[in-house]
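For the sequence shown, full-length UniProt numbering gives the first residue as 1, with consecutive numbering after it.
Beta carbons: idealized from backbone N, C-alpha and C, even for Gly.
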Amino acid sequence: MRIILLGPPGAGKGTQAVRLVERLGIPQLSTGDMLRAAVAAGTPVGLKAKAVMDRGELVSDDIVVGIIADRIEEADAKSGFILDGFPRTVAQAEAFDAMLDAKGLKLDAVIEFKVNEAELVERIVKRAKDTEARGEPVRKDDNPDVFKTRLEAYRNQTAPLSAYYDGKSMLKTVDGMKPIDDVTEAMKEILGR
């Protein structure tokens with residue numbers, strides 16, 4: 001199965017992706033991890049990415065899609081993969097779709113985690129307080145101000161993907177505010193396993 005998970009930060013995509021990896025036996029692909037691996041391996045696309053990164057610039061959509069194209073050819077991704085955090089924009093989604101078409105592949109599911117943003121911010125604040133209470137360092141992403149900035153970026157850049165995939169009749173939604181096990185069950189229904 002080839003699956004894209006959409007939703008704002010803190011919606012539970014990462015938690016559910018881990019469960020999907022265990023249940024379906026397919027890898028979760030992180031564009032950051034793939035980018036670092038391609039650079040370290042010195043692949044042609046990795047060398048292009050390194051040159052861009054060495055100049056302090058953002059890696060282009062073409063390079064990111066190229067890295068994904070290489071990664072999904074690896075043995076562990078032959079029967080599918082989970083993308084969480086990519087695509088981030090409609091332009092990336094279009095480039096990704098074109099790459100899949102060129103390989104004769106298609107997505108099986110695009111699942112959006114619907115959330116109440118105000119409750120999500122409260123969830124993050126609570127998580128930060130609980131972490132501090134345990135005497136552990138709070139993740140930078142769990143700082144409420146940083147989180148609100150990430151949420152705004154999601155709203156501006158990534159939220160339009162909902163309409164894009166809905167227009168292709170691919171978008172399914174789950175209530176990301178429900179308990180973790182309930183979200184897992186909803187995803188099993190959507191995926192048929």
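For residue i and residue j, what's the separation of their Cα atoms in angstroms?
i	j	result
G25	I82	10 Å
L58	L35	12 Å
L47	E73	18 Å
V174	E117	15 Å
D97	K106	8 Å
G80	I3	8 Å
K172	R155	18 Å
V52	D61	12 Å
T149	T15	22 Å
G104	K168	17 Å
E189	G32	30 Å
K126	E136	14 Å
A102	A77	17 Å
Identify which residue in the options has its Cα closest to the Cα of residue i.
i	options	result
I63	V39, V110 and S79	V39
E112	M170, V21, T43 and R2	M170
D70	E152, G12, G14 and P44	P44
S30	A17, D166 and D145	A17
F86	V65, A75 and K103	V65
residue 219	A41, G104 and P27	This structure cannot speak to residue 219, because the chain is shown only from 1 to 193.
P144	K168, E119 and G167	E119
R23	A37, A41, M1 and G42	M1
Does the Cβ-Cβ distance between residue i and residue j come in under 8 Å?
i	j	result
A95	I67	no
A109	L161	no
R88	T158	yes
K13	L20	no
V115	G7	yes
Might you give, ordered along the chain, the residues of its own chain that have their beta carbon closer than 6 Å to the beta carbon of residue i, omitting 5 neighbours on each side?
i	result
Y164	V90 and A93
M99	V65 and A69
In its own chain, which residues sit with a C-beta less than 7 Å from the C-beta of residue i, not counting the 5 before and 5 after it?
i	result
V138	A128, T131 and E132
M177	V115, N116 and E119
Near residue i, what residues of its chain come up, given a Cβ to Cβ distance below 8 Å and the 5 sequence neighbours on each side ignored?
i	result
F147	P9, G10, V121, I124 and D141
Buried or exposed: which applies to residue i, given that a residue is buried once 16 or more other Cβ atoms fall within 10 Å of its Cβ?
i	result
I180	exposed
L151	buried
D84	buried
residue 206	Examination of residue 206 is not possible in this model, given that the chain is present from 1 through 193 alone.
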